Amino acid sequence: MQFAFYIPVAAVFSGIGVLAHLLSLKRREPWQSSLLLLYSFLLASNLCIAIMISRNTPGEAEFVLFLLRHFFFSLPVLFLNFALNFASASRRWLWPALILTVVLIFLADLDYFLKLHWLLDRMESHSWGYFPRGLPLAMAGLSLLASYCIAVAFWKMLRSRRIADHSVRAMVFLFVLWWIGIVLSMLPFAGVDIFPPGPAMDAAISAVIGALH
């Protein structure tokens, strides 16, 4: 078994720790419920990545990618949902991201079932496993979605009254690092031969968030 397989697996177990804490709360605030949903999708994404990179054929890996995209494409809008609840901001900011997410997932499903090659060029073989090689339309759509969600989310969180709390500022900083990991994970999607650092970042940040509680 490749060592790389254990990196997203470690992220899964770290995420389970955060989920366990959130589920143990007798009364959850709206932002905690949205964080629970975000971490559930993040856990599913890392689990799919672990399975995908350990497949033996590109066909098997592409089927797992089909499942992964439903979780991974939802992460930006779920993060924005968390940020809006955290900052008690208007939900109207969520709608553009939600619509774009649905469109991207719909196009990805069409791309998979009809073999249109609008978003995915191929499943590329690396020393650490199979990973998707994206096309410009996919990279543009994901970049637009992530840029909008990240910009609005951090803008609202930094304007929130909660930001005066040191632990809240620490959590916002952790999410900045988390998004850096997510963005860097798109490098192999663009053809750069490196293992996506996102799962390793997820594992470390989940461990820190768990310790903060």
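156 is the number that our numbering gives to position 156 of the sequence shown; each next residue is one higher, with no gaps.
From the three backbone atoms N, C-alpha and C, an ideal C-beta is built for every residue, glycine too.
Computed from a predicted structure; not experimentally measured.
- In the three-state scheme derived from DSSP, where H, G and I count as helix and E and B as strand, L119 is classed as coil.
- By the Cβ-count criterion, Y6 is exposed, with fewer than 16 other Cβ atoms from all chains shown falling within 10 Å of its own Cβ.
- Around the C-beta of K156, 16 or more other C-beta atoms lie within 10 Å, and the residue is accordingly described as buried.
- Judged by DSSP in its simplified three-state form, E124 adopts strand.
- Cβ atoms of P76 and L145 come within 8 Å of each other, at about 5 Å.
- The residues L22 and L25, in chain order, have a CB closer than 8 Å to that of Q32 in the same chain once the five nearest residues on each side in sequence are set aside.
- By the beta-carbon neighbour count (other beta carbons within 10 angstroms, threshold 16), A4 is buried.
- In terms of Cβ geometry, N46 and A11 form a close pair [threshold 8 Å].
- The C-alpha of A87 lies about 27 Å from the C-alpha of V103.
- Between the alpha carbons of L43 and V208 lies a distance of about 16 Å.
- Between F79 and L114, the alpha-carbon positions lie close to 30 Å from each other.
- For P197, no alpha helix (DSSP H) segment is defined, and its DSSP state is neither H nor E.
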